[in-house]
Amino acid sequence: MPKAQKDLSLELVGKKKEIAVVRLTRAAKRNALSDALVAALRDTFQNLPDSVRAAVLDGEGEHFCAGLDLSELKERDAGHGLHHSRSWHTALDAVQFGPVPVIAALHGAVVGGGLELASSAHIRVADDSAFYGLPEGTRGIFVGGGGSVRIPKLIGVARMTDMMLTGRVYNAEEGERLGFAQYLVPAGTAFSKAMALAERIATNAPLTNYALMHALPRIAEQPADHGYMTEALISAIAQAAPEAKQRVRDFLEGKAGTKVKKTP
Ligand code: 1HE
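Residue numbering for the sequence shown follows my numbering, beginning at 882 and increasing consecutively.
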């Protein structure tokens, strides 16, 4: 059984317990990320049970996450500040580069470190109530949870600079158009949509999911000739798996449900 963590719950869902629902349960503090909660995220994503094929990350209450727990923001010397930021990097890397794809279900505030956390997921589903901000800029601090690496990849350096310089907040519709979220759904339905996507993703060949999580973002940062080489290696490994061969055979034999269909 998964270990209980303070301010974080882990539930295994599905016939084979293939979906992990990881939920921030600190609604009274708008799911602000204390050091303990950051450590709990790290431990949870580093130790997902073997049955898990996809994870959904959710926040209890009206808001996904209000970012860094500002009540813990203390005078830190440069060395402590460095280690604090690095502890976030380890935790959010555990989300992004863990064993399974992670779908974040966003609603309400997705701000500061909360936006950094959401950015470490592979898919973001936002409902109409979601809004995105980086109040660090106006609080005299800077992002420290990997935001300067991940957020520009979603919306570009210029937009992130504007958000931090001016305190600009984007609403849910703008967020989907700009690239914060890949899906925009009616208020109150982000979690159910995220679960439906997780169920679908959990049926993919694990090696394909692994390639998408671990190879694709690295290929995107490699010079083209290195990228082509990495692509060739990972595609050779994926297609050699017996499961991939079976899936291709199923299509060629006209088995039901293997055709590409327009999404309704
Ligand atoms: C908090 C935090 C927090 C709420 N740390 N305690 N993040 C921010 O600058 C965002 C700060 N929070 C807000 O702007 C608002 O709280 C929200 C828009 C998210 C929600 O508003 P609302 O009206 O629903 O809630 P509230 O009344 O403001 O807050 C409810 C309680 O949560 C209250 O505590 P209470 O004991 O008075 O009930 C708040 O103090 C508490 N709370 N947000 C601590 N963030 C790796 S570096 C990352 C750097 C950052 O993330 S900086 C950005 C921090």
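Positions of the beta carbon are idealized from the N, C-alpha and C atoms, including for glycine.
Are the beta-carbon atoms belonging to residue i and residue j less than 9 Å from one another?
i	j	result
ALA1002	VAL976	yes
ALA999	LEU951	no
ALA901	VAL933	yes
PRO930	MET1094	no
PHE1132	LYS1140	yes
ALA986	LEU1046	no
GLU1055	GLN1063	no
LYS955	ALA921	no
GLY962	ARG911	no
PHE945	GLY989	yes
LEU1065	ALA1007	yes
GLU1134	ALA935	no
LEU891	LEU905	no
GLY1021	LEU949	no
I'd like the span of the beta strand (DSSP E) that includes residue i, first residue to last.
i	result
GLU1054	That residue, GLU1054, is in no beta strand (DSSP E); its alpha helix (DSSP H) goes 1053-1059.
ILE1004	1004-1008
GLY1014	1012-1014
ILE1188	Examination of residue 1188 is not possible in this model, given that the chain is present from 882 through 1145 alone.
VAL1066	1064-1066
ASP939	935-940
ALA990	990-992
ALA985	983-987
LEU852	Past the edges of the chain, shown from 882 to 1145, lies residue 852, and the structure says nothing about it.
LEU1168	Outside the shown range of the chain (882 to 1145) lies residue 1168, about which nothing can therefore be said.
How would you call residue i, buried or exposed, if buried means at least 16 neighbouring beta carbons within 10 angstroms?
i	result
LEU1114	exposed
ALA947	buried
LYS896	exposed
PRO1084	The sequence given here has Thr at residue 1084, not Pro. Per the 10 Å Cβ criterion, exposed.
PHE1061	buried
ASN1090	buried
VAL1129	exposed
THR1019	exposed
LYS1143	exposed
ARG957	exposed
MET882	Confidence at MET882 is low in this model, with a pLDDT of 47, below 50, so its placement is unreliable and no value can be given for it.
Which residues bound the alpha helix (DSSP H) around residue i?
i	result
SER968	959-977
VAL1038	1038-1047
VAL1141	No alpha helix (DSSP H) holds VAL1141; DSSP gives it neither H nor E.
GLU1124	1123-1133
ARG923	916-927
Taking 8 Å as the cut-off, does the CB of residue i come closer than this to any heavy atom belonging to the ligand GTP?
i	result
TYR1013	Ligands displayed in this structure: the ligand 1HE; the ligand GTP is not among them.
**Prompt:** Any chance the segment 1112-1128 sits against the segment 965-976, with 3 or more Cβ pairs inside 8 Å?
**Reply:** With a cut-off of 8 Å on Cβ pairs, the segment 1112-1128 is not in contact with the segment 965-976, counting fewer than three such pairs.
**Message:** So, does the segment 1008-1024 touch the segment 1037-1054, judging by three or more C-beta pairs under 8 Å?
**Reply:** A contact exists between the segment 1008-1024 and the segment 1037-1054.
**Cβ contact (3+ pairs, closer than 8 Å) linking the segment 1068-1075 and the segment 1025-1034** = These segments do not touch.
**Request:** Give a yes or no on contact between the segment 986-995 and the segment 1096-1111, applying the rule of three or more CB pairs nearer than 8 Å.
**Result:** Touching, no.
**Prompt:** Counting only runs that start and end within the segment 1061-1119, where is the beta strand (DSSP E) found for 3 or more residues in a row?
**Reply:** Fully enclosed beta strand (DSSP E) runs of no fewer than 3 residues occupy 1064-1066 of the segment 1061-1119, in order along the chain.
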